[in-house]
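If you want our numbering, it's the 1-based position in the sequence shown plus 9.
Glycine included, C-beta positions come from ideal geometry on N, C-alpha and C.
Quick caveat: nothing in here was measured; it's all calculated off a predicted structure.
For reference, the structure is listed below as structure tokens.
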Amino acid sequence: MKINIAIDGPSAAGKSTIAKRLAKVLKFKHLDTGAMYRCIAYKAHLLDIDISDEKGIAAFLSSTTIDFDSSGKIYLDGIDVTNVIRQKEIAWLASNVSTLLSVREDLVDRQKKFANEKGIIMDGRDIGTVVLPEAEVKIYLTASAKNRAERRYLEMISKDPSITYDDVYQEIIKRDLQDSTREHSPLKKADDAIEVDSTDLSIDEVVNKIIDIIKERKGSPND
Ligand code: DC
């Protein structure tokens, strides 16, 4: 019987990159739940609906489809939005939209259905606490804010040369604060999660560390 793995942590800690890598190594399915909040935020933006208009946003949820293909592409209502939802403005809108209870309920429901079968790695902010509280392995992935901002800046500069390190740093701090202080399912380390600080580690080192944690806890992840 396979296990489920929850990875939570603050913005730009490398959760999705690590989760993707782990999924490949373990042959698990991966769900990037942050991308789902980004999709809803992007749709609200396209429809010109203000994030404070919860009724307006709730009204389009049931007719909205969010799909992932095996190469990691993300489709909102059938349209490839993989790159456009990564913009800094959408990250902030996603953090705002994720404070709305109706949005959380809708997306958490989809996420739980995705995990009906075992062998799932899910990353986000509330996976170990709310979405998969029974996950066999829970990781809380952190890194210093400076380190997270540096990594995110290097990722973004090639796509948007006008961006500065300070913009990215401020955005991360602002988002961490909102995500960890919101009323509904704030970002929080689950009591039984193991904290992994990736500040001085490479991607491979973090992946190997998590594989060691899985082996320690469960033996083989696919047993
Ligand atoms: O992981 P990310 O940066 O793509 O997430 C974008 C926003 O979505 C994040 O600022 C908070 C929200 N989010 C959430 O509230 N719960 C999750 N499980 C995942 C993301």
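* Starting from H9 and walking both ways along the alpha helix (DSSP H), at which residues does that stretch end? -> Nothing can be reported for residue 9, as the shown portion of the chain is limited to 10 through 232.
* CA-CA distance, V139 and E114? -> For this step, residue 139 is matched to residue 130 along the sequence shown. For this step, residue 114 is matched to residue 105 along the sequence shown. The alpha-carbon atoms of V139 and E114 are separated by roughly 11 Å.
* Asked: How should I3 be labelled, buried or exposed, when 16 other C-beta atoms within 10 angstroms of its C-beta is the threshold for buried?
  -> Outside the shown range of the chain, which is 10 to 232, sits residue 3, and nothing can be said about it.
* Asked: Relative to ligand 1, is the shortest distance from any of its heavy atoms to the C-beta of S104 smaller than 7 Å?
  -> As a first step, residue 104 is located in the sequence shown; it is residue number 95 there, counting from the start. Yes, ligand 1 has a heavy atom inside 7 Å of this Cβ.
* Would you say the segment 51–60 touches the segment 216–223, given that touching needs at least three Cβ pairs under 8 Å? -> With the cut-off at 8 Å, the segment 51–60 and the segment 216–223 do not touch.
* Since I129 and F37 are thought to touch, with beta carbons under 8 Å apart, how far apart are those beta carbons, to the nearest angstrom? -> The residue labelled residue 129 in the question sits at position 120 within the sequence shown. The residue labelled residue 37 in the question sits at position 28 within the sequence shown. Yes, they are in contact, since the Cβ atoms of I129 and F37 sit about 6 Å apart, within 8 Å.
* DSSP state of V90, grouped into three classes? -> Counting from 1 along the sequence shown, the entry for residue 90 is found at position 81. It is coil, neither helix nor strand.
* Proximity below 8 Å, CB of G133 to CB of G43 -> Taking the sequence shown and counting its residues from 1, one reaches residue 133 at position 124. Taking the sequence shown and counting its residues from 1, one reaches residue 43 at position 34. With respect to G43, G133 sits close: the two C-beta atoms are nearer than 8 Å.
* Buried or exposed: which applies to T173, given that a residue is buried once 16 or more other Cβ atoms fall within 10 Å of its Cβ? -> Along the sequence shown, one-based indexing puts residue 173 at 164. Exposed, by the Cβ-count rule.
* Report yes if the C-beta of D135 is less than 7 Å from at least one heavy atom of ligand 1; otherwise report no. => For the purposes of this step, residue 135 is identified with residue 126 of the sequence shown, where counting begins at 1. Answer for D135: yes, Cβ within range of ligand 1.
* Sort D89, F69 and A68 by Cα distance to D76 and report the nearest one. => Here residue 76 refers to the residue found at position 67 when the sequence shown is read from its first residue. Ranked by Cα distance from D76, the options D89, F69 and A68 are led by D89.
* Unbroken beta strand (DSSP E) runs of length 3 or more, entirely within the segment 161–224: which are they? -> Counting whole runs of 3 or more residues, the segment 161–224 contains the beta strand (DSSP E) stretches 203–206.
* To do: Alpha carbon to alpha carbon, how far is K155 from R161? Give it in angstroms, no decimals.
  => What you label residue 161 is simply residue 152 of the sequence shown in a count that begins at 1. What you label residue 155 is simply residue 146 of the sequence shown in a count that begins at 1. Rounded to the nearest angstrom, the gap between the Cα atoms of R161 and K155 is 10 Å.
* To do: My understanding is that V216 touches V205, with C-beta atoms under 8 Å, so please give their C-beta distance in whole angstroms.
  => By one-based count along the sequence shown, residue 216 stands at place 207. By one-based count along the sequence shown, residue 205 stands at place 196. At roughly 10 Å, the Cβ-Cβ gap does not stay under 8 Å, so V216 and V205 are not in contact.
* Asked: Is E143 buried or exposed, if buried means 16 or more other CB atoms sit within 10 Å of its CB?
  -> To locate residue 143, count along the sequence shown from 1; it is residue 134. With fewer than 16 other Cβ atoms inside 10 Å of its own Cβ, E143 counts as exposed.
* Express the C-alpha separation of S194 and I83 in angstroms, rounding to a whole number. => On the sequence shown, residue 83 is found 74 positions in, with the first residue counted as 1. On the sequence shown, residue 194 is found 185 positions in, with the first residue counted as 1. Their backbone Cα atoms lie some 24 Å apart in a straight line.
* To do: Just confirm the distance between the C-beta atoms of K29 and G81, as a whole number of angstroms; I'd bet it's less than 8 Å.
  => Working through the sequence shown from its first residue, we reach residue 29 at position 20. Working through the sequence shown from its first residue, we reach residue 81 at position 72. So it is a contact: roughly 7 Å between Cβ atoms.
* Asked: CA-CA distance, V112 and K227?
  -> Position 103 of the sequence shown, counted from the first residue, corresponds to residue 112. Position 218 of the sequence shown, counted from the first residue, corresponds to residue 227. Taking the straight line joining both Cα atoms gives about 34 Å.
* Paired residues, beta bridge with N13 - DSSP -> Working through the sequence shown from its first residue, we reach residue 13 at position 4. N13 is bridged to I129.
* Coil, strand or helix - D59 by DSSP -> On the sequence shown, residue 59 is found 50 positions in, with the first residue counted as 1. Three-state result, D59: coil.
* Would the C-beta of A124 count as close to ligand 1, meaning under 7 Å from any of its heavy atoms? -> As a working note, residue 124 is residue 115 in the sequence shown. Checking every heavy atom of ligand 1 against the Cβ of A124, none is found closer than 7 Å.
* What did DSSP end up calling D76 once you bin it into helix, strand or coil? -> Along the sequence shown, read from residue 1 onward, the residue named residue 76 stands at position 67. DSSP places D76 in strand when its eight states are reduced to three.
* Asked: Should D200 be counted as a contact of ligand 1 given a C-beta to heavy atom distance under 7 Å?
  -> Position 191 of the sequence shown, counted from the first residue, corresponds to residue 200. The answer is no for D200.
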